[in-house]
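*Asks:*
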Amino acid sequence: MVSSRKGINSGAVFMPDGKHIALTLSHQGNAELYALNTETGATRRITKHFAPDVDPSINVTGTKMAFLSGRSGSGKPMIYVADPRSQEKDVKRISYVGKYNATPRFSPDGSQIAFASWLDNRFDIFRVDENGDNLYRLTKDFGSNEDPTYSNDGQFIAFSSQRVLSRTKAVQNIYIMTADGEILGQVTENFGNCSTPRWSKY
Numbered sequence: 273m274v275s276s277r278k279g280i281n282s283g284a285v286f287m288p289d290g291k292h293i294a295l296t297l298s299h300q301g302n303a304e305l306y307a308l309n310t311e312t313g314a315t316r317r318i319t320k321h322f323a324p325d326v327d328p329s330i331n332v333t334g335t336k337m338a339f340l341s342g343r344s345g346s347g348k349p350m351i352y353v354a355d356p357r358s359q360e361k362d363v364k365r366i367s368y369v370g371k372y373n374a375t376p377r378f379s380p381d382g383s384q385i386a387f388a389s390w391l392d393n394r395f396d397i398f399r400v401d402e403n404g405d406n407l408y409r410l411t412k413d414f415g416s417n418e419d420p421t422y423s424n425d426g427q428f429i430a431f432s433s434q435r436v437l438s439r440t441k442a443v444q445n446i447y448i449m450t451a452d453g454e455i456l457g458q459v460t461e462n463f464g465n466c467s468t469p470r471w472s473k474y
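The opening position of the sequence shown corresponds to residue 273 in the numbering used here, with each subsequent residue numbered one higher.
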């Protein structure tokens with residue numbers, strides 16, 4: 273499994289019914305997405321493809337899943353959506369920006385997906401409608417930015433940003449911006465490298 277620095281992160285997330293987790297498993301060889309029943313331990317396969325499928329994000333109704341896959345033919349991870357209620361149902365590629373993508377995350381209302389894309393030798397954060405329309409770049413010329421996550425009300429996005437301090441030193445901290453890309457400020461400092469922020473549900 274490749275790390276998020278290379279565009280793939282395995283990820284795991286609760287599904288809206290509260291009884292299942294969508295996650296990546298590779299026990300049969302290839303990385304695929306499954307729904308795991310937390311009460312029984314039973315698994316149900318969601319994706320089945322020769323390319324790795326990883327890092328799921330589920331919309332609020334449980335009817336659509338965003339994920340990373342190398343099935344584009346280039347071998348580089350791009351963002352796809354599918355209906356997680358059945359195997360390989362309604363799979364559609366929705367990202368075509370950058371050399372590869374990472375960490376797709378649904379907005380709370382399920383209408384948009386924020387993600388990181390490797391472009392111009394760094395990650396920047398984009399958002400796109402859940403059907404692939406209206407691609408919008410949220411960060412530019414602001415370090416290398418990734419790991420977006422929406423606040424519960426959908427108004428803000430927390431993300432990690434790496435700043436190069438010298439030829440031998442870089443530091444990664446957590447920042448917050450509006451859902452339209454206005455940078456509001458830095459959240460962490462002097463904690464070492466900080467990554468993968470998540471909003472509290474409470």
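Note that beta-carbon positions come from the ideal geometry of N, C-alpha and C, so glycine has one too.
Using the three-state DSSP reduction, which class does arginine 470 fall into: helix, strand or coil?
*Replies:* For the purposes of this step, residue 470 is taken as residue 198 along the sequence shown, with counting starting at 1. The answer is coil: DSSP assigns arginine 470 none of H, G, I, E or B.
*Asks:* In angstroms with no decimal places, state the Cα-to-Cα distance between leucine 407 and alanine 386.
*Replies:* Residue numbering aside, residue 407 sits at position 135 when the sequence shown is read from its first letter. Residue numbering aside, residue 386 sits at position 114 when the sequence shown is read from its first letter. Taking the straight line from one Cα to the other gives about 10 Å.
*Asks:* Specify the secondary structure class of leucine 340 as computed by DSSP and reduced to three states.
*Replies:* Working through the sequence shown from its first residue, we reach residue 340 at position 68. Leucine 340 falls in the strand class under three-state DSSP.
*Asks:* The beta strand (DSSP E) spanning glycine 457 covers which residue range?
*Replies:* Your numbering for residue 457 matches position 185 in the sequence shown. Unbroken beta strand (DSSP E) run through glycine 457: 455–458.
*Asks:* Is it the case that the Cβ atoms of leucine 308 and isoleucine 293 are separated by a distance below 8 Å?
*Replies:* Within the sequence shown, the letter at position 36 stands for residue 308. Within the sequence shown, the letter at position 21 stands for residue 293. Against a cut-off of 8 Å, the Cβ pair of isoleucine 293 and leucine 308 comes out as a contact.
*Asks:* How should tyrosine 447 be labelled, buried or exposed, when 16 other C-beta atoms within 10 angstroms of its C-beta is the threshold for buried?
*Replies:* As a first step, residue 447 is located in the sequence shown; it is residue number 175 there, counting from the start. Buried, because 16 or more other Cβ atoms sit within 10 Å of the Cβ of tyrosine 447.
*Asks:* Determine the direct distance from the alpha carbon of asparagine 373 to that of tryptophan 390, and round the result to whole angstroms.
*Replies:* On the sequence shown, residue 390 is found 118 positions in, with the first residue counted as 1. On the sequence shown, residue 373 is found 101 positions in, with the first residue counted as 1. Taking the straight line joining both Cα atoms gives about 6 Å.
*Asks:* In angstroms with no decimal places, state the Cα-to-Cα distance between lysine 361 and threonine 335.
*Replies:* Against the sequence shown, residue 361 aligns to sequence position 89. Against the sequence shown, residue 335 aligns to sequence position 63. Roughly 10 Å between the two C-alpha positions.
*Asks:* For leucine 391, which of helix, strand or coil comes out of DSSP?
*Replies:* Along the sequence shown, one-based indexing puts residue 391 at 119. Leucine 391 falls in the strand class under three-state DSSP.
*Asks:* Please report the distance separating the alpha-carbon of lysine 412 from that of methionine 287.
*Replies:* Residue numbering aside, residue 412 sits at position 140 when the sequence shown is read from its first letter. Residue numbering aside, residue 287 sits at position 15 when the sequence shown is read from its first letter. Going by the C-alpha atoms only, they are around 32 Å apart.
*Asks:* Taking buried to mean at least 16 other C-beta atoms within 10 Å of its own C-beta, is leucine 340 buried or exposed?
*Replies:* To locate residue 340, count along the sequence shown from 1; it is residue 68. Classification for leucine 340: buried.
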